[in-house]
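Colleague:
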Amino acid sequence: MSIWTFSPAFYPAALFGAALLVLGACTLQAPVSRATSLPDALRRFPVIDNAVVIAAPDGYCIDAPGSRTERRDSFVLLASCRAVTGDPSAPSPRAPGLLSASVDGAGTGAVPTEEGLDKFFASAIGRTVLSRRNDPDSVVVGERRYSDETYLLHVRERARGDEVMGLQSWRAIFTVNGRMVTATLRELAAYPMSESEGFRVVKGFADGIRRASP
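In our numbering, the protein residues as written are 5 to 218.
Below, the structure written as structure tokens:
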């Protein structure tokens with residue numbers, strides 16, 4: 005099986021930089037309910053000739069400098085609105101993490117079957133795709149779910165985390181207008197998440213992308 009994954013050279017730096025911004029902004033944490041008016045460019049990011057629209061969940065905004073969109077593929081990074089804008093009155097999630105969405109512009113059609121994805125992510129190649137270190141032995145694939153034509157999985161890094169990034173991540177794999185989309189939530193070390201909360205956030209992110217896309 006071939007699973008497309010976006011892996012641009014700028015990705016590690018963008019992810020780490022966004023995490024540092026979030027941690028700095030969270031020193032003055034405010035609830036999502038204190039949302040201020042935000043430009044649409046921070047809330048919605050069309051990619052692949054507008055075939056897919058990445059919509060930011062409550063408290064999150066598009067990090068344009070950390071995002072790339074091209075005809076072949078796209079990568080969109082999201083962090084708390086307070087971190088992205090530098091505005092202490094901007095909203096921020098109560099348990100902030102880092103969100104990203106990768107979109108394949110090739111028109112891959114339907115998502116592989118649940119059984120096929122289970123087998124792929126159990127393989128060394130699949131676990132390499134999931135690892136921040138590109139090491140299949142560094143990750144443990146946890147619970148997997150399939151809901152509303154969306155494949156969800158929880159991943160935990162074996163290695164000790166750093167001061168910024170946590171050990172857990174969650175993914176949602178689905179299609180929008182024939183394009184395969186991978187939505188990812190990464191935990192921050194300072195704001196650990198429960199497994200159920202991570203699934204809720206990444207599934208909500210995926211559902212929002214579906215609703216926003218034409």
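No residue lacks a Cβ here, since even glycine has one placed at the ideal position from N, Cα and C.
If you pair each beta-carbon of the region 55–67 with each one of the region 158–171, do three or more pairs fall below 8 Å?
Modeller: No, the region 55–67 does not touch the region 158–171.
Colleague: So who's on the other strand from Glu161, going by DSSP bridges?
Modeller: Partner(s): Val143.
Colleague: Could you tell me whether the Cβ atoms of Glu191 and Gly101 are closer together than 8 Å?
Modeller: Against a cut-off of 8 Å, the Cβ pair of Gly101 and Glu191 comes out as a contact.
Colleague: To the nearest angstrom, how far is the alpha carbon of Val107 from that of Ala45?
Modeller: Going from the Cα of Val107 to the Cα of Ala45 covers about 18 Å.
Colleague: Looking only at its chain, what residues have a beta carbon closer than 7 Å to the beta carbon of Asp67, apart from the 5 residues adjacent to it on each side?
Modeller: Closer than 7 Å at the Cβ level, and outside the excluded window around Asp67, lie Ala22, Leu81, Leu82, Ala83 and Val88.
Colleague: Tell me which residues share the same chain as Tyr150 and place their Cβ nearer than 6 Å to its Cβ, disregarding the 5 neighbours each side in the sequence.
Modeller: Glu118, listed in sequence order.
Colleague: Please state whether DSSP places Pro50 in a helix, a strand or coil.
Modeller: Strand.
Colleague: Under DSSP, the alpha helix (DSSP H) around Ser173 begins and ends at which residues?
Modeller: No alpha helix (DSSP H) holds Ser173; the beta strand (DSSP E) holding it covers Met169 to Val180.
Colleague: I believe Ile177 touches Tyr155 by the beta-carbon criterion, under 8 Å. Please report the beta-carbon distance rounded to the nearest angstrom.
Modeller: So it is a contact: roughly 4 Å between Cβ atoms.
Colleague: Can you say whether Ser198 is buried or exposed, counting buried as having 16 or more other CB atoms within 10 angstroms of its CB?
Modeller: With fewer than 16 other Cβ atoms within 10 Å, it is exposed.
Colleague: With DSSP as the reference, identify every bridge partner of Ser104, one or two as the case may be.
Modeller: In the DSSP output, where bridge partners are listed per residue, Ser104 has Leu81 and Thr188.
Colleague: Compute the Euclidean distance between the alpha carbons of Gly146 and Glu153, then round it to the nearest angstrom.
Modeller: Using only the alpha carbons, I get a separation of about 19 Å.
Colleague: From Leu25 to Ala99, what distance separates their C-alpha atoms?
Modeller: For Leu25, the predicted structure reports a pLDDT of 49, less than 50, and the residue's modelled location is therefore unreliable. A value from the coordinates is still provided. C-alpha separation (whole angstroms): 15 Å.
Colleague: Beta strand (DSSP E) containing Ala59: first to last residue?
Modeller: Per DSSP, Ala59 belongs to the beta strand (DSSP E) from Val56 to Ala59.
Colleague: Which residues does DSSP pair with Ile66 in a beta bridge?
Modeller: Bridge partners of Ile66: Leu82.
Colleague: Throw me the rounded Cβ distance for the Val143 and Arg131 pair, which I believe falls under 8 Å.
Modeller: Yes, they are in contact, since the Cβ atoms of Val143 and Arg131 sit about 5 Å apart, within 8 Å.
Colleague: Per DSSP, Thr73 forms a beta bridge with which residues?
Modeller: Partner(s): Ser78.
Colleague: Is DSSP giving Arg149 helix, strand or coil here?
Modeller: Correct three-state label for Arg149: strand.
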